[in-house]
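So the protein sequences, as listed, match chains A and B.
Residue numbering for the first sequence follows this note's numbering, beginning at 93 and increasing consecutively.
Residue numbering for the second sequence follows this note's numbering, beginning at 41 and increasing consecutively.
The next block holds one structure in the form of structure tokens; read it before the comments.
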Amino acid sequence: MNLRAISALALLALVLAAAVAATRGTSLPPADLVFNNGTEIQTLDPATVTGIPEGRVMRMLHEGLVISHPKTLEPVPALAERWDISDDGLVYTFYLRKNARWSNGDPLTSADLMWSYERFLSPKTAAEYAYQLWYVKGARAFTLDVDANGDPVHPFSTVGITAPDDYTVRFELDAPTAFFMEIMAFYAQFPVNRKCIEEAQRDFPSTWRQEWVKPERLVCNGPYIVEFRRINDRIRVRKNPYYWNRDEIALETIDVLAVESYTTMLNMYLTGEVHYIDRIASNVVQDLVPREDFVPEPYLGSYFYRVNVTKPPCDDKRVRRALALVIPRRQICEMITKSGQLPSLSLVPPGLPGYTRASMRTAATASDANEPVTDAAADRAEAKRLMAEAGFGPGGKPFPTLEIHYNTSEAHRDIALVIADAWSRELGIDAKLLNQEWKVYLDTQSNLGYDVSRSAWIGDYADPNTFIDLFVTGGENNKTGWSNAEYDRLVRAAARELDPTQRMALLGAAEALLMEELPILPIYSYATQDVYSPRFGGFYSNLKDEHFPQFWYWMDDRELAAKRAAYPADGLHTLVEATGPRAGLYSPAERARRAAASSPESAGQAR
Amino acid sequence: MLRFLIRRFIWFVITVFTVMLVSFTLMRSVRGGPFDGERAIDPAIKANIEARYHLDWPIWRQFAHYVGPFNLDERRALFVTDDAGFHVVRTGPDVDAFGGVLAGDFGPSFKYKDFSVNDILAQSLPISILLGLMALMFALALGVSAGIASALRPGSLLDVSLRLAATAGIALPNFVIASFLIILFVFMIPLLPVAGWGSIRHMLLPSFCLGLVYAAYIARLTRTGMLEVLSHDYIRTAHAKGLAPRTVVMRHALKGGLLPVVSYLGPATAGILTGSLVIERIFFIPGTGSHFINSALNRDYTLAMGVTILYTVLVYALNTIVDIAYTLLDPRISLEDE
Chain A
93 MNLRAISALA
103 LLALVLAAAV
113 AATRGTSLPP
123 ADLVFNNGTE
133 IQTLDPATVT
143 GIPEGRVMRM
153 LHEGLVISHP
163 KTLEPVPALA
173 ERWDISDDGL
183 VYTFYLRKNA
193 RWSNGDPLTS
203 ADLMWSYERF
213 LSPKTAAEYA
223 YQLWYVKGAR
233 AFTLDVDANG
243 DPVHPFSTVG
253 ITAPDDYTVR
263 FELDAPTAFF
273 MEIMAFYAQF
283 PVNRKCIEEA
293 QRDFPSTWRQ
303 EWVKPERLVC
313 NGPYIVEFRR
323 INDRIRVRKN
333 PYYWNRDEIA
343 LETIDVLAVE
353 SYTTMLNMYL
363 TGEVHYIDRI
373 ASNVVQDLVP
383 REDFVPEPYL
393 GSYFYRVNVT
403 KPPCDDKRVR
413 RALALVIPRR
423 QICEMITKSG
433 QLPSLSLVPP
443 GLPGYTRASM
453 RTAATASDAN
463 EPVTDAAADR
473 AEAKRLMAEA
483 GFGPGGKPFP
493 TLEIHYNTSE
503 AHRDIALVIA
513 DAWSRELGID
523 AKLLNQEWKV
533 YLDTQSNLGY
543 DVSRSAWIGD
553 YADPNTFIDL
563 FVTGGENNKT
573 GWSNAEYDRL
583 VRAAARELDP
593 TQRMALLGAA
603 EALLMEELPI
613 LPIYSYATQD
623 VYSPRFGGFY
633 SNLKDEHFPQ
643 FWYWMDDREL
653 AAKRAAYPAD
663 GLHTLVEATG
673 PRAGLYSPAE
683 RARRAAASSP
693 ESAGQAR
Chain B
41 MLRFLIRRFI
51 WFVITVFTVM
61 LVSFTLMRSV
71 RGGPFDGERA
81 IDPAIKANIE
91 ARYHLDWPIW
101 RQFAHYVGPF
111 NLDERRALFV
121 TDDAGFHVVR
131 TGPDVDAFGG
141 VLAGDFGPSF
151 KYKDFSVNDI
161 LAQSLPISIL
171 LGLMALMFAL
181 ALGVSAGIAS
191 ALRPGSLLDV
201 SLRLAATAGI
211 ALPNFVIASF
221 LIILFVFMIP
231 LLPVAGWGSI
241 RHMLLPSFCL
251 GLVYAAYIAR
261 LTRTGMLEVL
271 SHDYIRTAHA
281 KGLAPRTVVM
291 RHALKGGLLP
301 VVSYLGPATA
311 GILTGSLVIE
321 RIFFIPGTGS
331 HFINSALNRD
341 YTLAMGVTIL
351 YTVLVYALNT
361 IVDIAYTLLD
371 PRISLEDE
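See below:
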């Protein structure tokens, strides 16, 4: 009966082995900053990822020609020291800094960038964001014209990207593209290391994985390098010792967590295990609103309903307008979303510099386009009149059952319920809810298998074009069946327009047309949901909710007190415990500046 | 014994193959694909991505390629980069002739492109196993002792309250218990970390929550088993011999009384391993449970298949082990006349 002893021993050995394997690598010392990224990211390759969580990691490991200022989103020099834009807006020339290096110490030159752009645009790489560089001459044809093997027909030299010397890169565009600098600050354009990729290819000739992004192999050029990675748990990054601006980097290590549960991430934040989370469940919003660590800001996103305009009765513009008029936007923002979202009568969210939003017509004209008057009785009367005019309602045809299609989620369901209720109460429409699992929902939407479908769009760059461009005829993201030649013409004209005021006017005219035709029913515009320790410095909730780690640091008690002294007395800045090191954590350069400022003789010089 | 194992193995092969075939077909018949996102991508680019993962092949060929062992992928090297760093068509002696599940290769993850399914399972399974074993230990320790205590004094106040607690343990879902314990041990009495994985302190709450339901079942099974055994003649004989009550219970009664618990251990272990996803989510534990759900939602075909196959093998192996353990505990049972 030794079998029993053997099996007991085997079980014990299994437990021990599992314990060793499962806790391997977790005896890491705590990181200087821990933030939650919300999910596991797809890959560390900047060229082939999409998504907001992915972007946060890309901005730590890789760096492009420029980055965005955390507060103003203006381009800030990064790999490029400076740049010229030709008067016609068609040629962008970037002058690279000579001290830029890869994380293995090699210098970074224009050849690295050229190779990265070729890889990014190559049809074989299948980069989803390749279209962002299609504003460059010949780039679109390079990606899309392929032979039977899937190889590009045109050589890369036909693309309008050139490197006149080792430290200059020039882009020639098809049309002046006002937001091209912003595209250059976007992670998809960040360079990758040729040697690193080729060596991995040589060492692992046939493998499923992207070997080159393994922590022990990855060579990158951003402020941080990967130290440890465990799927669905964390990515630990460490300051890149070869980063050109390393003296300005304050945080030595950062942990990027993949917590998916809203409750768990909030718990971890409240116990100080995480310093920054980017989203919250709507049932806790009310408790967070008065706190100093939760200050929602307008965010470049719109929440709206798509209408299938190919299917009666919603092919009738009057019906769509009636539906749009009775949506209780204010009620939705105040009772359901509750955290700084703004009722919207337009597609484009507020806050884009130089752009005046075009709103749909309502009974009351708003004095401020950012605070539209909605939920008005006059609008409901007008909606009833339009329905009668379209032949529905008392004495007319019965209105067929209308399905509100949304992806399974409590928040979407609540909003759909309120809207269905308003439609049934005001217009006598029998509105039903139809929820589908995410991928099925996407499929239904693309195939126009819906009546009215919940939708949202987050802008790629801070320009109205990222929204307006959606609804051109045949656009992949149109998904409404709507097509309007005048709209297409306006969008095309705006793309060619050099004068910024004129261009914004053209886009505004396009939006006005869209809001007249209403293939989409606007509902609200987004707000950021960042909750972060008041001590966390260099971090600002901005329109794109885009944050570059180059600017992050920890405030000491003095700086924190100064920040708090400047709070307005609005009851929205109740002090909470500021997690993070009390002594602060500043970059070497900042420490030197502070030391210089505090010693008496140099203080005199500084003034 | 050997005949039993051979027979089991044949059924094992049939089971796994059936599971693969059914789950592959089911998964592919669901709408939506791994590369559909809110941002529709250019059809040409999407076609390139799909070709890389052979989604352009007829479904039978994809299945044959997935199962293996012969590598149908004359373009296998599409996953590989050439000298210029681009994915290229390559064939040749260094491209594996064998592939697929039969060759131990579960393929690439469609969602987590830096990892193969093998990587993901190798990283997450030990964590789930450790969590599951700790939960099982909690369940056994709590369940068996409560069950014995109940059985020794049936109808007593102790018995009634233990049975009530067991019913509550079965009725309350583990996320409710988890919330209570988090409020109690993290926010009111700050003893334990709220979530995460790394030290033994991180494991206490989740494994306790995960094991509690099973502890309740085990307590009931132990009680029933013990009550039955305690009424047997051989127990009376043992008492008559003058053995201490403690020896009678521990040495003579427990062996027979635990039989129902042992047969329950197979399904319980399987349930703990596959049912850990809620607990993994609440306590932010990077185990296999979350992949079980997420891979299906992401349409990460290969990962979903990998987890399903893994669980099939685990459940099958555990049940076989339980059957063998049964004969060790009860000499009346023989594996041969199954």
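Note that the Cβ used here is the ideal one computed from N, Cα and C, for glycine as well.
- Query: Where DSSP assigns a beta bridge to A/Asp396, which residues make up the other side?
  - Reply: As a first step, residue 396 of chain A is located in the first sequence; it is residue number 304 there, counting from the start. In the sequence on display, residue 396 of chain A carries Phe and not Asp. According to DSSP, A/Phe396 bridges with A/Ser547, A/Pro614.
- Kindly indicate which residue of A/Gly483, A/Glu529, A/Ser691 has the alpha-carbon position closest to the one of B/Val70. For the purposes of this step, residue 70 of chain B is taken as the residue at position 30 of the second sequence. The option with the nearest alpha carbon to B/Val70 is A/Glu529.
- Task: Report the rounded CA-to-CA distance for A/Glu220 versus A/Leu635, giving the unit in angstroms.
- Result: One-based indexing of the first sequence puts residue 220 of chain A at position 128. One-based indexing of the first sequence puts residue 635 of chain A at position 543. A/Glu220 and A/Leu635: Cα-Cα distance of roughly 23 Å.
- Task: Leaving aside the five residues before and after B/Gly132 along the sequence, list all residues of the same chain whose C-beta is less than 7 Å from its C-beta, in chain order.
- Result: Locating residue 132 of chain B in the second sequence gives position 92, where the first residue counts as 1. Bear in mind that the predicted position of B/Gly132 carries a pLDDT of just 45, short of 50, making it unreliable; the figure below should be weighed with that in mind. For B/Gly132, where only same-chain residues beyond five positions count, there are no Cβ hits under 7 Å.
- Nearest to A/Ile496 by CA position, among A/Asp198, A/Pro490, A/Gln537, is which residue? As a first step, residue 496 of chain A must be located in the first sequence, where it is residue number 404. Checked all of A/Asp198, A/Pro490, A/Gln537; the closest Cα to A/Ile496 is A/Gln537.
- Query: Since A/Ser617 and A/Pro390 are thought to touch, with beta carbons under 8 Å apart, how far apart are those beta carbons, to the nearest angstrom?
  - Reply: Within the first sequence, numbered from 1, the residue matching residue 617 of chain A stands at position 525. Within the first sequence, numbered from 1, the residue matching residue 390 of chain A stands at position 298. Confirmed, about 7 Å.
- Are the CB atoms of A/Ala456 and A/Leu613 nearer to each other than 7 Å? As a working note, residue 456 of chain A is residue 364 in the first sequence. As a working note, residue 613 of chain A is residue 521 in the first sequence. Not in contact: A/Ala456 and A/Leu613 (Cβ atoms no closer than 7 Å).
- Does the pairing of the segment 58-73 of chain B with the segment 546-565 of chain A give three or more beta-carbon distances under 8 Å? no
- Task: Spell out whether any CB of chain B is found under 7 Å from the CB atom of A/Arg322.
- Result: Taking the first residue of the first sequence as position 1, residue 322 of chain A is located at position 230. Yes, contact with chain B.
- Task: Could you run through the segment 531-556 of chain A and flag, in chain order, every residue whose CB is less than 7 Å away from some CB of chain B?
- Result: Lys531, Val532, Leu534, Asp535, Ser538
- Item | Under 7 Å between C-beta atoms of B/Asp154 and A/Val305 | If you number the second sequence from 1, residue 154 of chain B lands on position 114. If you number the first sequence from 1, residue 305 of chain A lands on position 213. The answer is yes: Cβ separation under 7 Å.
- With 7 Å set as the bound, which would you pick, yes or no: does the beta-carbon of B/Asp154 sit closer than that to a beta-carbon of chain A? For this step, residue 154 of chain B is matched to residue 114 along the second sequence. Cβ-Cβ to chain A under 7 Å: yes for B/Asp154.
- Query: Taking the C-alpha atoms as reference points, what is the distance between B/Val56 and B/Ala179?
  - Reply: Walking along the second sequence from the start, residue 56 of chain B turns up at place 16. Walking along the second sequence from the start, residue 179 of chain B turns up at place 139. In a straight line, the C-alpha of B/Val56 is about 29 Å away from that of B/Ala179.
- Message: Can you tell me whether A/Lys489 is buried or exposed? The criterion is at least 16 other CB atoms within 10 Å of its CB, across all chains shown.
- Response: Here residue 489 of chain A refers to the residue found at position 397 of the first sequence. Per the 10 Å Cβ criterion, exposed.
- Item | Residues that B/Asn88 contacts on chain A, provided the C-beta gap is smaller than 9 Å | Taking the second sequence and counting its residues from 1, one reaches residue 88 of chain B at position 48. Result: Pro215, Lys216, Thr217, Ala218, Val238, Gly242.
- Item | Reference A/Glu308; option with closest CA among A/Ala585, A/Arg174, A/Asn191, A/Val329 | Locating residue 308 of chain A in the first sequence gives position 216, counting from the first residue. Closest option to A/Glu308, Cα to Cα, is A/Val329.
- Item | Min CB distance A/Ala698 to chain B below 7 Å | Position 606 of the first sequence, counted from the start, is the residue given in the question as residue 698 of chain A. Any answer about A/Ala698 is weak, because its pLDDT of 41 lies below 50 and its placement is not dependable; what the coordinates show is given next. Taking Cβ atoms only, chain B never reaches closer than 7 Å to A/Ala698, which makes this a no.
- Task: Give every residue of the same chain whose Cβ lies closer than 7 Å to the Cβ of B/Ala293, excluding the five residues on either side of it in the sequence, and list them in chain order.
- Result: Sequence index remark: in the second sequence, residue 293 of chain B carries index 253 (1-based). Excluding sequence neighbours, B/Ala293 sits near Met266, Val269, Leu270, Ile275.
- Message: I believe A/Ser431 touches A/Ala619 by the beta-carbon criterion, under 8 Å. Please report the beta-carbon distance rounded to the nearest angstrom.
- Response: Position 339 of the first sequence, counted from the start, is the residue given in the question as residue 431 of chain A. Position 527 of the first sequence, counted from the start, is the residue given in the question as residue 619 of chain A. Right, their Cβ atoms sit about 6 Å apart.
- Tell me, to the nearest whole angstrom, how far the beta carbon of B/Ser164 is from that of A/Asn129; I am working on the premise that it is less than 8 Å. One-based indexing of the second sequence puts residue 164 of chain B at position 124. One-based indexing of the first sequence puts residue 129 of chain A at position 37. Actually they do not touch by this definition, with Cβ atoms about 18 Å apart.
- Item | Three-way DSSP call (helix, strand, coil) for A/His154 in this model | Here residue 154 of chain A refers to the residue found at position 62 of the first sequence. Coil at A/His154, not helix or strand.
- Message: Quick check on A/Phe491: does DSSP put it in helix, strand or coil?
- Response: For the purposes of this step, residue 491 of chain A is taken as residue 399 along the first sequence, with counting starting at 1. Looking at A/Phe491 - three-state DSSP - the assignment turns out to be coil, as it is neither helix nor strand.
- Query: How is the alpha helix (DSSP H) around B/Ile46 delimited, first residue to last?
  - Reply: For this step, residue 46 of chain B is matched to residue 6 along the second sequence. Per DSSP, B/Ile46 belongs to the alpha helix (DSSP H) from 42-69.
- Message: Just to confirm my understanding: we take A/Ile428, look at its own chain, exclude 5 residues before and 5 after, and list those with CB closer than 8 Å. What are they?
- Response: As a first step, residue 428 of chain A is located in the first sequence; it is residue number 336 there, counting from the start. Answer for A/Ile428: Ser374, Ala503, Asp506, Ile507, Val510, listed in chain order.
- Message: Would you call the segment 359-367 of chain A in contact with the segment 230-239 of chain B, where contact means no fewer than 3 C-beta pairs closer than 8 Å?
- Response: yes
- Along the segment 325-345 of chain B, what residues have a CB closer than 7 Å to any CB found in chain A? Pro326, Ser330, Leu337, Arg339
- Using a Cβ cut-off of 7 Å (strictly closer), state whether B/Arg43 contacts chain A. Reading the second sequence from its first residue, position 3 is the one you call residue 43 of chain B. Not closer than 7 Å to any Cβ of chain A, the Cβ of B/Arg43 fails to qualify, so no.
- Message: By the three-class DSSP mapping on this structure, what secondary structure does A/Asn499 have?
- Response: By 1-based counting over the first sequence, the position of residue 499 of chain A is 407. Strand at A/Asn499.
- Message: Just to make sure I have the definition right: I need the residues of chain A whose C-beta is within less than 7 Å of the C-beta of B/Asp82. Which are they?
- Response: Here residue 82 of chain B corresponds to residue number 42 of the second sequence, with the count starting at 1. By Cβ distance, chain A contributes Tyr223, Glu568.
- Query: Residues in the segment 305-316 of chain B with C-beta within 7 Å of chain A's C-beta atoms, listed in sequence order?
  - Reply: none
- Query: Around the Cβ of A/Ala675, are there at least 16 other Cβ atoms within 10 angstroms (buried) or fewer (exposed)?
  - Reply: The residue labelled residue 675 of chain A in the question sits at position 583 within the first sequence. It counts as exposed.
- Kindly indicate which three-state DSSP category A/Trp336 falls into: helix, strand or coil? Numbered from its first residue, the first sequence carries residue 336 of chain A at position 244. Reduced to three states, the DSSP call for A/Trp336 is coil.
- Message: Just to check my reading of the structure: A/Leu605 and A/Asn576 have Cβ atoms closer than 8 Å, yes? What is that Cβ distance to the nearest angstrom?
- Response: One-based indexing of the first sequence puts residue 605 of chain A at position 513. One-based indexing of the first sequence puts residue 576 of chain A at position 484. With 8 Å as the limit, A/Leu605 and A/Asn576 qualify as a contact, their Cβ atoms being about 7 Å apart.
- Query: Under three-state DSSP, which class holds A/Glu319?
  - Reply: Position 227 of the first sequence, counted from the start, is the residue given in the question as residue 319 of chain A. It is a strand residue.
- Message: Tell me the residue span of the alpha helix (DSSP H) that contains B/Thr328.
- Response: Translated into the one-based positions of the second sequence, residue 328 of chain B becomes position 288. From DSSP, the alpha helix (DSSP H) with B/Thr328 extends over 328-338.
- Message: Please report whether the beta-carbon of B/Val200 lies at a distance below 7 Å from any beta-carbon of chain A.
- Response: Position 160 of the second sequence, counted from the start, is the residue given in the question as residue 200 of chain B. Taking Cβ atoms only, chain A never reaches closer than 7 Å to B/Val200, which makes this a no.
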